[in-house]
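> Take a look at this one; I'll ask things after.
Protein chains: 2
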Amino acid sequence: MRGLRNADMLETETTLERILSELEQADSLDGMQSVSEALRDYYDVDHLVYHWVDSRGDQYGCGTYSEEWQNKYVAENYLRIDPVVQGCYRRFHPVDWKRLDWSSKAAREFLRVSAEYGVGNQGISIPIRGPNGQFAMFTVNTSCDDDTWERFSEENRRDLILIAHYFNEKALEFEPERQPEQSQSLSPREVDAMTLLAIGYSRAQVANSLSISEHTLRVYIESARFKLGALNTTHAVARAMSRGLIVI
Amino acid sequence: MRGLRNADMLETETTLERILSELEQADSLDGMQSVSEALRDYYDVDHLVYHWVDSRGDQYGCGTYSEEWQNKYVAENYLRIDPVVQGCYRRFHPVDWKRLDWSSKAAREFLRVSAEYGVGNQGISIPIRGPNGQFAMFTVNTSCDDDTWERFSEENRRDLILIAHYFNEKALEFEPERQPEQSQSLSPREVDAMTLLAIGYSRAQVANSLSISEHTLRVYIESARFKLGALNTTHAVARAMSRGLIVI
DNA sequence: TTTCCACTCCCCAGAAATAGCGAGGGAGTC
DNA sequence: GACTCCCTCGCTATTTCTGGGGAGTGGAAA
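Spelled out as structure tokens, the structure:
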């Protein structure tokens, strides 16, 4: 078993590895911020940004975009029309901005304004997803011609994916309130009940599936609800899902 | 701008890079299968598995686990009690099996049986999340002592994350129809309704919170239910959550 | 301009879920 | 042996949800 560093990989630490190590050792958002600046200089691009896209609209992240652009972005609620966000949200692989749909009027207007604020014409964004529906994006962007950009994004694709991953790991580390809550676990029967309810069975159907009376089933649902601190069945199922107690 | 391969990275292709390229060029599940075998041999471990954890319970993936174990796993519905799945589901970073909770009786029994089927005592699993609530896992496992394993997993952590990412990219490429219809997204009001229901509000409370009549609210719930192909409100909320349409 | 979609409101009857009581047996732990 | 937790079953009344109709506005896209 390969217990040691691969023999065919050199021991000399590359600049990138040094920066990545710095990221791994960061202990605050400020640390991430300076790493993002170091990475921007290393890659010699205009901007490099990690940000957490939250449904509630509150942004969290770091990067080299100007304060003005960040404020503008939030104020204008660009999150809703930004084709990059839309594209990242429904894809898994890194998204090249060129391949997105910029045809709508709102998108073109957004592109025009963003350029005014110093956002480059070329960009690649990597979607990142964490537990409980966490969603974040890591973006590199700059101004250059298509060929240069093509080569850049192809050469650095793997590294960028890794960097994106590590940024998110750090962000999750700094925002522990979103981290797994150690909650009371459910009994097997309670898990069964919650699971079947989650896939759309009515109480009668669940009881039938489990070959128990509906009264018994109700006891399970109630005790699960109690353990999960839920107000009703739907709430209990939702909590069980978001805590990973049931998988559907 | 770094348009060419980083100067401090050698041009010589490592074995790992060769295998990764092979993965990138795979054009079917069989291709992924052979890559997983190549990787197992390369790392000299017992098993290397990528699998998609699906709502319906039907597994999709590739790897080196025996047919018998895969069948057993599905037949016994181990998905629901496997602590590795539970652990991956609520974490972002790679999960070392040792750090999971194996205290429950079901978990210990599962561990015992898995060993009978050739699953090693050491393992690391990487959670992978895609669009629409897709969830998959990439696992490396083997039998060895803790120190060796510690070194192995530390040395190869970055590579494994990347490999996991690429496996998932391929899987998504091969199974586009498995992704729940992304066409049917929910309208903002429907999202509001589903979200508030998921956090335990009754219909009356939701209607009040959104400042609309309960009748109107019902229209949203019904249309969300229709779009999600759900049988009732609980089901709709569960589906909306598992597809990442709402976050609680 | 027309066509779609999101958003808002209304009625009614039947089905389903919830709240409040209760009971007993079995397995594992301290 | 006492304790806790899990599994199983029962009753009644009230509240809530669901399914079937219909109708009008406004905005954005084709």
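Those protein sequence lines, which keep their order, are chains E and Y.
According to our numbering, the first sequence is numbered sequentially starting from 135.
According to our numbering, the second sequence is numbered sequentially starting from 135.
Idealized CB from N, CA, C, for every residue including glycine.
Note that the coordinates shown come from a computational prediction; the quantities given were computed from them, not determined experimentally.
Taking the CB atoms as reference points, tell me whether residue 405 of chain E and residue 184 of chain E lie closer together than 7 angstroms.
With chain E covering only 135 through 382, there is no way to say anything about residue 405 of chain E.
> Return the CA-CA distance between residue 322 of chain E and residue 187 of chain E, expressed in angstroms with no decimal places.
One-based indexing of the first sequence puts residue 322 of chain E at position 188. One-based indexing of the first sequence puts residue 187 of chain E at position 53. Rounded to whole angstroms, residue 322 of chain E to residue 187 of chain E spans 35 angstroms at the Cα level.
> What whole-angstrom Cβ distance do residue 261 of chain E and residue 308 of chain E have, given they're in contact under 8 angstroms?
Translated into the one-based positions of the first sequence, residue 261 of chain E becomes position 127. Translated into the one-based positions of the first sequence, residue 308 of chain E becomes position 174. About 20 angstroms separates the two Cβ atoms, so there is no contact after all.
> When Cβ atoms are compared, which residues of the region 256 to 283 of chain E fall closer than 9 angstroms to chain Y?
Against chain Y - using a Cβ distance shorter than 9 angstroms - the residues of the region 256 to 283 of chain E are 261, 262, 263, 264, 265, 266, 267, 268, 269, 276, 278, 281, 282, 283.
> Quick check: the Cα distance between residue 166 of chain E and residue 342 of chain E, rounded to an integer number of angstroms?
For this step, residue 166 of chain E is matched to residue 32 along the first sequence. For this step, residue 342 of chain E is matched to residue 208 along the first sequence. Near 54 angstroms, if we compare the C-alpha coordinates of residue 342 of chain E and residue 166 of chain E.
> Which of the three DSSP states is assigned to residue 175 of chain E in this structure?
For the purposes of this step, residue 175 of chain E is taken as residue 41 along the first sequence, with counting starting at 1. In the structure shown, residue 175 of chain E sits in a helix (DSSP, three-state: H, G or I).
> In chain order, what residues of the same chain lie with their CB nearer than 7 angstroms to the CB of residue 340 of chain Y, ignoring the 5 residues before and after it?
Mapped onto the second sequence, residue 340 of chain Y falls at position 206. For residue 340 of chain Y, where only same-chain residues beyond five positions count, the Cβ hits under 7 angstroms are 327, 330, 331, 351.
> Would you mind telling me which residues of chain Y sit closer than 8 angstroms to residue 302 of chain E, beta carbon to beta carbon, in chain order?
If you number the first sequence from 1, residue 302 of chain E lands on position 168. Ordered by position in chain Y, the residues that pass the 8 angstroms Cβ test against residue 302 of chain E are 226.
> Any heavy atom of the ligand ZN within a distance shorter than 6 angstroms of the CB on residue 302 of chain Y?
Questions concerning the ligand ZN fall outside what the structure shown contains, since it holds no ligand whatsoever.
> Please give me, in chain order, every unbroken run of the beta strand (DSSP E) with length at least 3 that falls completely inside the region 161 to 226 of chain Y.
If we require 3 residues or more, the beta strand (DSSP E) runs fully inside the region 161 to 226 of chain Y come out as 181 to 186, 194 to 197.
> Taking the alpha carbon of residue 240 of chain Y as the point to measure from, which residue in Y/253, Y/289, Y/258, Y/213 has its own alpha carbon closest?
Counted from its first residue, the second sequence places residue 240 of chain Y at position 106. That would be Y/213, whose Cα lies nearest to the Cα of residue 240 of chain Y.
> At 8 angstroms on the CB atoms, spell out the chain Y contacts of residue 375 of chain E, in chain order.
Position 241 of the first sequence, counted from the first residue, corresponds to residue 375 of chain E. Those are 372, 375, 376, listed as they occur along chain Y.
> My assumption, with CB atoms under 8 angstroms, is that residue 269 of chain E sits in contact with residue 223 of chain E. Please give the rounded CB distance.
What you label residue 269 of chain E is simply residue 135 of the first sequence in a count that begins at 1. What you label residue 223 of chain E is simply residue 89 of the first sequence in a count that begins at 1. Contact flag correct, Cβ pair sits at about 7 angstroms.
> What's the C-alpha gap between residue 461 of chain E and residue 220 of chain Y?
Given that chain E is displayed from residue 135 to residue 382, the structure contains no residue 461 of chain E and the question cannot be resolved.
> Among the residues of its own chain, which have a CB less than 7 angstroms from the CB of residue 171 of chain Y, if the five just before and after it don't count?
Reading the second sequence from its first residue, position 37 is the one you call residue 171 of chain Y. Counting only Cβ-Cβ distances below 7 angstroms, and skipping sequence neighbours, we find 198.
> Which of the three DSSP states, helix, strand or coil, is assigned to residue 322 of chain E?
Counting from 1 along the first sequence, the entry for residue 322 of chain E is found at position 188. The answer is helix: DSSP assigns residue 322 of chain E an H, G or I state.
> Give me whichever residues DSSP pairs with residue 274 of chain Y in a beta bridge.
For the purposes of this step, residue 274 of chain Y is taken as the residue at position 140 of the second sequence. DSSP, once it has assigned bridges, lists Y/182, Y/258 as partnering residue 274 of chain Y.
> Going by alpha carbons, who is nearest to residue 251 of chain E out of E/203, E/263, E/237, E/284?
Position 117 of the first sequence, counted from the start, is the residue given in the question as residue 251 of chain E. Of the candidates E/203, E/263, E/237, E/284, the one whose C-alpha sits nearest the C-alpha of residue 251 of chain E is E/203.
> Can a CB atom of chain E be found closer than 7 angstroms to the CB of residue 359 of chain Y?
The sequence position of residue 359 of chain Y within the second sequence is 225, counting from 1. Not closer than 7 angstroms to any Cβ of chain E, the Cβ of residue 359 of chain Y fails to qualify, so no.
> Provide the residue span of the alpha helix (DSSP H) that contains residue 351 of chain E, from first to last.
By one-based count along the first sequence, residue 351 of chain E stands at place 217. Residue 351 of chain E -> alpha helix (DSSP H) spans 348 to 362.
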